[in-house]
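Each protein sequence line maps, in turn, to chains C and R. Residue 1 is where the first sequence starts when you use the numbering used here, and the numbers rise one by one after that. Residue 1001 is where the second sequence starts when you use the numbering used here, and the numbers rise one by one after that. Every residue gets a Cβ at the ideal spot worked out from N, C-alpha and C, and that includes glycine. Since the structure is predicted, the reported quantities are computational estimates derived from the model, not experimental observations. Okay, so here's the structure we're looking at.
Protein chains: 2
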Amino acid sequence: MNKKLSINDIANELHVAKSTVSFILNGKAKEKRITDELAEKVLKFCEEKGYKPNQLAKSLSTGKTKMICLMVEKISDYFFSHIAFHLEALAYKNGYKIIYCSTENDPEKTRELINLLRARYVDGYIITPPVGIEAEIKGLINDNLPVVLFDRYLPNVSTDYVGLDNYKGTFDGVEYLVETHAKKIALVTLDSDQSQMTERHAGYIAALKKHRLKPVILKVPFANDTETNARQCIQFIKDNPGIDAIVFATNYLALSGIKAINELGLNIPGDISVIAFDDHDVFNIYNPSISAISQPLDEMAKQLFKTLLDKLENRVRLKDVSRIIIQPDLILRGSTK
Amino acid sequence: MNKKLSINDIANELHVAKSTVSFILNGKAKEKRITDELAEKVLKFCEEKGYKPNQLAKSLSTGKTKMICLMVEKISDYFFSHIAFHLEALAYKNGYKIIYCSTENDPEKTRELINLLRARYVDGYIITPPVGIEAEIKGLINDNLPVVLFDRYLPNVSTDYVGLDNYKGTFDGVEYLVETHAKKIALVTLDSDQSQMTERHAGYIAALKKHRLKPVILKVPFANDTETNARQCIQFIKDNPGIDAIVFATNYLALSGIKAINELGLNIPGDISVIAFDDHDVFNIYNPSISAISQPLDEMAKQLFKTLLDKLENRVRLKDVSRIIIQPDLILRGSTK
DNA sequence: CTGAAAGCGCTTACAG
DNA sequence: CTGAAAGCGCTTACAG
């Protein structure tokens, strides 16, 4: 239980002012015209003693905590936990720590979380916003806190955004299915107003229109469990005979849907081709392996962090808003012809 | 950009001393014999103004940050991201925030992470320790910081631990396979010294011994990717003709292994029964669905957090170490007879 | 080039 | 019952 060393202790032991120590430690020795000799001596002493400045004290006086908040829909989801992993590496490399929290798409919960994090004075926010949280996000922006939205945006909120070209994802997916001679291409999606979902829907509709095909759509409630989704898919397929391809708007919908198709005794891709939006590492080992519209996770995380860091380090003015749209990859596997 | 209210502002506006405000806000009004009237007035004022105490300042003077560090092997893994989700709910309910980080099983990286978090003065640690980090964990304990290990423990470190009865998991799994008349039961596991892996191995061996069967074991390197694991499984099954059941020591090994079995044209469970250690939500929708030795995630998270909280709130003395062993559930699905 | 001093926003003995 | 004051460990004008 060695007592923690403070900057005072160091100043005393070395008989210099603590301001001098502080300047040296923060790389302002040159600027403050402190002799190299002294700087060297102080640095060496700190090194030897294993001195680590108290971040709390530092934060209190600078107003910067070097912490960022990652607020996702649900940290245990495949997509979000992978984004979290990639962001972590980038954050730590740049001296930031990440506090995560899950909104579970509940605006009320999200509001509380934002309030809690504000009291912690985190420096910036990366958020997948639920609909209904516009005012709080604007509140953050008004207080000059950098906010980057991702995965989905809020039409009325002007702030940085990093997301996928969802429209192109489903559009290309459908076009590929058309090329393989599918005639009745269904979409199974969530009943959701979120931008990424409406974009996926729009891409599907547009591609069908281009090829003069008719939409066949199942929308399931967000809160459904896997089993319920499977049941609804079975009913949907029965109700719409002749479906020969299905685009699933999320990876978990695809897994339920495949279960449904299996239970109906239909063959993939013989009877029905399948494409899932958002890749998943089990898709590769599934039998048959599942074709997917993939979101480049590391690229997304990279852009997200860069966008936030540019604001945090004042390389970009707060008011200058960027929208980064990442292109999806259509990965063809065994579930399509 | 409304200026943040401080306790000083409140004291001034209400013409009371800031210590009084502080006492009231911290529920010490009674104790300090402050009139209900005054307390009421202050509370109401703070409520109206939306005053949120600055956590940084609070932390600096109390020495408590109300933050805990969750250090797992990899935040994007199914098991860890789900534990993270459950822990989050418990932490927030109790006023704590969580900083996560991934060790990637690298002692060097873990060492750095611990140092970084120490400079942040987090109040407690929940860690899945890589082998080789004993000294640093002891360092935390010596400085009276509560540490709860989970998933695996370090034999030489005496601290709280929450983990699964891994031995029982594989033991019961093997016994069930024996009951279904399997004669040549293989184990596919990681080449790892971690306690959870050696326990799973031991349970397998013990059950075989009891039934006078011979072990057939494949150990794959930790760093392998899915594809490589599948290749090695194929070779392993070819090299050991007559395997009629396989226990996989992790869920991802199971997924690779199933791919291998499929590629060999063997039927599950007709030719080979399969049990996976650690459930995964795709197991349920796989075809056939996969039997699993399941770790109760929410129970585990609950015990983990309770153990840590008991220490943080001084309900249990730091020196009193607990070991909580959670019982696995054997979930039988389509991949076993 | 260096030092004394104020300040960040809290908590908590201590005195009255 | 309440208030003035010191302290947590830093940063940063300011003076010399």
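Residues of the segment 1194-1220 of chain R with a Cβ closer than 8 Å to any Cβ of chain C: none. Looking at 1324(R), 1225(R), 1059(R), 1228(R), the one whose alpha-carbon comes closest to that of residue 1096(R) is 1059(R). Residue pairing by DSSP leaves residue 46(C) without any beta bridge partner.
One thing to note: residue 1226(R) has its Cβ within 8 Å of the Cβ of residue 281(C).
By the CB criterion at 8 Å, residue 1246(R) and residue 1274(R) fall inside the cutoff.
Not a single C-beta of chain R is nearer than 8 Å to the C-beta of residue 107(C). Contact annotation for residue 1062(R) against chain C: no contact, minimum CB-CB distance about 10 Å [criterion: below 8 Å]. If you draw a straight line from the Cα of residue 1267(R) to the Cα of residue 1261(R), it comes to about 7 Å.
Within the same chain, 1087, 1126, 1148, 1150, 1162 come within 7 Å of residue 1304(R) by CB-CB distance, once the 5 residues on both sides are set aside. In the displayed model, residue 317(C) falls within coil according to three-state DSSP, outside both helix and strand.
Secondary structure at residue 148(C): strand, using DSSP grouped into helix, strand and coil. Relative to residue 1168(R), the option among 1143(R), 1184(R), 1206(R), 1156(R) whose CA is nearest is 1206(R).
Straight-line measurement puts the Cα of residue 1180(R) at about 48 Å from the Cα of residue 300(C).
DSSP places residue 253(C) in no beta strand (DSSP E) but in the uninterrupted alpha helix (DSSP H) bounded by 251-263.
Here residue 276(C) has 248, 251, 254, 290, 292 as same chain residues with Cβ atoms under 6 Å from its own Cβ, once five neighbours each way along the sequence are excluded. With a threshold of 16 other beta carbon atoms within 10 Å, residue 15(C) falls short and is exposed.
Residue range 78-93 is occupied by the alpha helix (DSSP H) that includes residue 85(C). When C-alpha distances from residue 65(C) are compared across 21(C), 19(C), 192(C), 145(C), the shortest belongs to 145(C).
Straight through space, the alpha carbons of residue 78(C) and residue 283(C) are spaced by roughly 12 Å.
Residue 1184(R) and residue 1230(R) do not touch by the CB rule: their CB atoms are close to 20 Å apart, not below 8 Å. Under the Cβ criterion of 8 Å, residue 223(C) is not counted among the residues facing chain R.
Within its own chain, the residues whose Cβ lies closer than 8 Å to the Cβ of residue 99(C), once the five positions on either side in sequence are excluded, are 67, 68, 69, 70, 117, 120, 122, listed in chain order. Assigned with DSSP and collapsed to three states, residue 1323(R) falls in strand.
Going by DSSP, residue 1141(R) is part of the alpha helix (DSSP H) stretching over 1134-1142.
Distance from the CA of residue 83(C) to the CA of residue 104(C), rounded to the nearest whole angstrom, comes to 16 Å.
Assignment of beta-bridge partners to residue 1189(R) by DSSP yields 1219(R).
When DSSP states are grouped into helix, strand and coil, residue 167(C) belongs to the helix group.
Residues of chain C with a Cβ closer than 7 Å to the Cβ of residue 1015(R) do not exist; the shortest Cβ-Cβ separation is about 26 Å. Residues of the segment 1064-1075 of chain R with a C-beta less than 8 Å from any C-beta of chain C: 1065, 1067, 1074, 1075, listed in chain order. For the pair residue 1158(R) and residue 1316(R), the CB atoms are not nearer than the 8 Å cut-off. Taking 8 Å as the threshold, the shortest C-beta distance from residue 321(C) to chain R does not fall below it.
Listed along chain C, the residues sitting closer than 7 Å to residue 1082(R) by beta-carbon distance are 76. Scanning 1271(R), 1173(R), 1048(R) for the CA closest to the CA of residue 1328(R) turns up 1173(R). Listed in chain order, the positions of the segment 1118-1132 of chain R with a beta carbon within less than 8 Å of a beta carbon of chain C are 1118, 1119, 1120, 1121. Boundaries of the beta strand (DSSP E) around residue 330(C): 329-331.
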